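Peer 1: Can you keep this structure in mind? I'll have questions shortly.
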Amino acid sequence: MNMLSRRGFLAASAAAIGAAHLPRIAFAQGVAPISLSAATRTLDIDGRAATVFGLAGPGGQGLILDPGQRFRVDLTNDLDVGTIIHWHGQIPPNAQDGVPDMPMPLLAPGETRSYDFEARPGTHWMHSHVPTQEMQLLAAPLIVRSAEDVAADRQDVVMFLHDFSFKAPEEVLADISGGHGGGHGAGHGAGAEPDQGAPMGGMGAMQGMDHGAMGHGVMGGMPMGNMPGMGGMMGMGGQMGGMAMDLNDYDWDAYLANDRTLSDPEVVQVERGGRIRLRVINAAAATVFWIDTGVAEARLVAVDGHAVQHFGGSRFGLAMGQRLDIEIDLPNEGGAWPILALREGARERTGLILATQGAEVRRLDAMAGSEAPAFDTDLAQEARLIALDALPDRPVDRSQMLMLGGSMQPYVWTINGTVWGQHQPITARSDERVGLSFHNMSMMAHPMHLHGHVFQVVGLNGRRVAGALRDTVHVPPMSMVDVALDVGEAARWMLHCHHMPHLATGMMTEFAVTASV
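Mapping of the sequence shown onto mature numbering (1 follows the signal peptide of the UniProt record, and there is no 0): residues -28 to -1, 1 to 489, in sequence order.
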C-alpha cells in the first residue's frame, strides 16, 4: 500500500477509516434505518476459541455516524435469549433508552425493534443492560462524528477494552460472591470466610429487565475534615487511613483491546508525523485501566464524549463505562508505538500498536514488570478536568445525597443502604437543576452512571470545581463526588454502578422525574 498524505489518507474513503482498526466500525449512510444485530460470534483468545456475543452493523462490530445523522436503527435479536441494548452516552426518549421493563421489555429472540432519535456527538458505546450479557461481550463502539472531526487532519483509532472469562457469567458471579474471585489488591477477602449464602439480591430483577463559576456546590463547600469518615482517609499504595482497598475482585482469563490480547495485538498502520485521535472505551465488566501511551506525545482532549481543556501526559485512567479521547502526535520518523491498557493494581495488560509501514513490531508480554497503581484514589486526574462547554450557571433547586456502601463478604453493594427492588427512588422535576452527592463509604470504587442526562462534576471531596461533563463518574473509596445536572424528560431513569457484579447484586436505583408544575 502506497503511503498517502495525512489529508489524502483521511479523504480516501470512509471504508479506509473503518478498516484502520478492529472491531470494524460500520459507517451508516443515508436515511434508511441501519440494521444492527445482537448475535453470537467466535473469538480466538490466546489460541483458544471463545463463543461470545456482539453487536454487528453493516460493516462489523459497532457503528459510526456522520455529523448531523440521526440514530435510526433497526435492532434485531439473533440470540436465543431475550436482550435489550442501552445506548451509553446518548439521550434518547426514555422509551428507547434500553433498560429492561423501564418501560420496554426485553426483545424476544427473532424480534426487531426500531430506534430513532437525535445522536449526540462524541465517543460513546452500546451494550446489553443485562449484566451477564455485557460480561459475554454484548457491546460495541458507537462513535458520532462532529463537523470538526471530519475537517480535522487526523486519523481516528478506536480502542475498545474488555475483561473476559471462559467461564459462564453466572459462574463468575458465583465465584465472586462466594469469595473465590482471586482478585488483586490489599485487603481482598481480608480474613473473611466465604459466605456461601451471600445474597445475589438484584440478579433476578436484572435478568428480568442495565468554565464558568458554578458557584453552587452541592454540599456548599463543606470541608472534608467535617464530613464523617472523610478527613485524612486518602493514602497511597492501596491504603486509606490504615484500611486496605479492594481494587479487583476477579482475576479474568484475558484482557482484550479490540477483541485481541497482546499475544496477537491489532497493529494499526499510521503515518509518519501523523496525528491520532485515540478513542478509548472501557467496556470491561469489572476492570479499571490506565492507558499508557509510552514515548508518544499525548494529551487528553475529551471524556465521556465531552471536550475538556487539554492537558498532556503519557498515562490516563478510566473506569468501567467511561471514555477518553487522547490526541497523539507521532514522530516524523517511522516506528512502532504500543498503546497499552494496564489493569489497576495488577500486572496484566492489553493494548494495540500504532506502526508506520514496514516498521518492526516487537511482541509484548501480557504481564508488566510491576503492578500498575490504583486509579485516582485522590481524584487528582478528575481534578484536572475542566469542561469546555460547562453547564450554565444557575442555583441548585434540590440536592440529594447517595450513600454508596457494601462489602466483599457478604458480597452485597447498595445505594442508600438498599438494593434494587427495595430502593427508594431519587426524585426530581423536569427542568430543575439538581445536585447529586455520591458519598462512597465502602472500600471499593464505584463508577456511577446516570441514564438520560449529562452532568457536570462540581465538587471533589468538598472542594468546588468546574469539572468535566460526564455520564459516568468514578467515586473512589471513602470519597465524595458532587455533580450537577439539568433534569430532562419526565420518566424513570436508571442510576447505577457500572461495575457489573455490583450491578448484578443490586447496586442501582432510579432517578424518577415528574413533570414540572
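For every residue, glycine included, the Cβ atom is placed at its ideal position computed from N, Cα and C.
Keep in mind that this is a model prediction, so the values were computed, not measured.
By alpha-carbon positions, which one of I263, G246, T84 and F410 ends up nearest to A124?
Peer 2: Reading the sequence shown from its first residue, position 152 is the one you call residue 124. The option with the nearest alpha carbon to A124 is G246.
Peer 1: Report the three-state DSSP secondary structure of V53 (helix, strand or coil).
Peer 2: As a first step, residue 53 must be located in the sequence shown, where it is residue number 81. In the structure shown, V53 sits in coil (DSSP, three-state: anything other than H, G, I, E or B).
Peer 1: Who pairs with D16 in a beta bridge, going by DSSP?
Peer 2: Here residue 16 refers to the residue found at position 44 of the sequence shown. The partner list for D16 (beta bridge, DSSP) reads A21.
Peer 1: If you draw a straight line from the C-alpha of D443 to the C-alpha of K139, how long is it?
Peer 2: Your numbering for residue 443 matches position 471 in the sequence shown. Your numbering for residue 139 matches position 167 in the sequence shown. Cα-Cα distance, rounded: 30 Å.
Peer 1: Determine the contact status of T322 and T233, defining contact as a CB-CB distance below 8 Å.
Peer 2: As a working mapping, residue 322 is identified with position 350 in the sequence shown. As a working mapping, residue 233 is identified with position 261 in the sequence shown. In contact: T322 and T233 (Cβ atoms closer than 8 Å).
Peer 1: Where does H418 fall in DSSP's three states?
Peer 2: Against the sequence shown, residue 418 aligns to sequence position 446. Here H418 sits in strand by DSSP.
Peer 1: Does DSSP classify M131 as helix, strand or coil?
Peer 2: Position 159 of the sequence shown, counted from the start, is the residue given in the question as residue 131. Note: M131 maps to strand in three-state DSSP.
Peer 1: Note down the Cα distance separating T477 from W385, rounded to an integer number of angstroms.
Peer 2: Along the sequence shown, read from residue 1 onward, the residue named residue 477 stands at position 505. Along the sequence shown, read from residue 1 onward, the residue named residue 385 stands at position 413. Answer to the nearest angstrom: the Cα atoms are 7 Å apart.
Peer 1: When you compare the stretch 252 to 259 with the stretch 339 to 359, are there three or more beta-carbon pairs, one atom per stretch, that lie closer than 8 Å?
Peer 2: no
Peer 1: Pull up the distance between the alpha-carbon of E404 and that of W465, whole angstroms please.
Peer 2: The residue you call residue 404 lines up with position 432 of the sequence shown. The residue you call residue 465 lines up with position 493 of the sequence shown. Distance between the alpha carbons of E404 and W465 is about 15 Å.
Peer 1: Does the beta-carbon distance from A10 to N49 come in below 8 Å?
Peer 2: The residue labelled residue 10 in the question sits at position 38 within the sequence shown. The residue labelled residue 49 in the question sits at position 77 within the sequence shown. Yes. Within cutoff.
Peer 1: Between the stretch 415 to 435 and the stretch 330 to 341, can you find at least three pairs of beta-carbon atoms closer than 8 Å?
Peer 2: no
Peer 1: For Q329, does the count of other Cβ atoms within 10 angstroms reach 16, so buried, or fall short, so exposed?
Peer 2: Start at 1 with the first residue of the sequence shown, and residue 329 comes out as number 357. Exposed, since its Cβ has fewer than 16 Cβ neighbours within 10 Å.
Peer 1: DSSP on I6, reduced to helix/strand/coil?
Peer 2: Residue mapping note: residue 6 aligns to position 34 of the sequence shown, counting from 1. Strand at I6.
Peer 1: In whole angstroms, what is the alpha-carbon distance linking E320 and G150?
Peer 2: Residue mapping note: residue 320 aligns to position 348 of the sequence shown, counting from 1. Residue mapping note: residue 150 aligns to position 178 of the sequence shown, counting from 1. Approximately 23 Å, taken between the alpha carbons.
Peer 1: Please identify the residue among V280, V102 and R356 whose C-alpha is closest to the C-alpha of H471.
Peer 2: On the sequence shown, residue 471 is found 499 positions in, with the first residue counted as 1. Minimum Cα distance to H471 is reached at V102.
Peer 1: Go to T265, then tell me how far its alpha helix (DSSP H) extends in each direction, as first and last residue.
Peer 2: Within the sequence shown, the letter at position 293 stands for residue 265. Premise fails: T265 is in no alpha helix (DSSP H) and is neither H nor E.
Peer 1: So, for residue 500: in the same chain, excluding its five sequence neighbours on each side, which residues have a beta-carbon less than 6 Å away from its beta-carbon?
Peer 2: For residue 500 there is no data in the structure shown, the boundaries of the chain being -28 and 489.
Peer 1: Using a Cβ-Cβ cutoff of less than 6 Å, which residues in the same chain neighbour A308 once the five nearest sequence positions on both sides are dropped?
Peer 2: The residue labelled residue 308 in the question sits at position 336 within the sequence shown. So the list reads I325, A327, A331 and V333, once near-sequence residues are dropped.
Peer 1: Could you name the residues that DSSP lists as bridge partners for F410?
Peer 2: Here residue 410 is taken as the residue at index 438 of the sequence shown, counted from 1. Residue pairing of F410 in beta bridges, as defined by DSSP: L374 and V453.
Peer 1: Under DSSP, the alpha helix (DSSP H) around S149 begins and ends at which residues?
Peer 2: For the purposes of this step, residue 149 is taken as the residue at position 177 of the sequence shown. Looking at the DSSP string, the run of the alpha helix (DSSP H) that includes S149 is P141 to S149.
Peer 1: Pick from V437, L467, A119 and L27: whose alpha carbon is nearest that of W392?
Peer 2: To locate residue 392, count along the sequence shown from 1; it is residue 420. Per the Cα distances, L467.
Peer 1: For A313 and P75, I'd like the C-alpha separation in whole angstroms.
Peer 2: What you label residue 313 is simply residue 341 of the sequence shown in a count that begins at 1. What you label residue 75 is simply residue 103 of the sequence shown in a count that begins at 1. Going from the Cα of A313 to the Cα of P75 covers about 36 Å.
Peer 1: With a CB to CB cut of under 6 Å and the five nearest residues on each side skipped, what residues in its chain are close to V129?
Peer 2: As a position in the sequence shown, residue 129 is number 157, starting the count at 1. Excluding positions up to five away in sequence, the list reads H(-8), V240, I248 and L250.
Peer 1: State the CB to CB distance for the pair A484 and I398, rounded to an integer number of angstroms; the pair is presumed to be in contact (CB under 8 Å).
Peer 2: Counting from one through the sequence shown, the residue named residue 484 turns up at place 512. Counting from one through the sequence shown, the residue named residue 398 turns up at place 426. Their Cβ separation, rounded to whole angstroms, is 7 Å, which keeps A484 and I398 in contact under 8 Å.
Peer 1: Are the stretch 29 to 39 and the stretch 108 to 115 touching, with three or more C-beta to C-beta distances below 8 Å?
Peer 2: The stretch 29 to 39 and the stretch 108 to 115 touch, with no fewer than 3 CB-CB distances between them shorter than 8 Å.
Peer 1: Note down the Cα distance separating D365 from Q428, rounded to an integer number of angstroms.
Peer 2: For the purposes of this step, residue 365 is taken as the residue at position 393 of the sequence shown. For the purposes of this step, residue 428 is taken as the residue at position 456 of the sequence shown. Each residue's Cα considered, the two are about 11 Å apart.
Peer 1: Between which two residues does the alpha helix (DSSP H) holding R356 run?
Peer 2: If you number the sequence shown from 1, residue 356 lands on position 384. A352 to R356 is the span of the alpha helix (DSSP H), which, as asked, contains R356.
Peer 1: Rounded to whole angstroms, what is the Cα-Cα separation between D361 and S488?
Peer 2: Residue numbering aside, residue 361 sits at position 389 when the sequence shown is read from its first letter. Residue numbering aside, residue 488 sits at position 516 when the sequence shown is read from its first letter. If I take the Cα positions, the gap works out to 26 Å.
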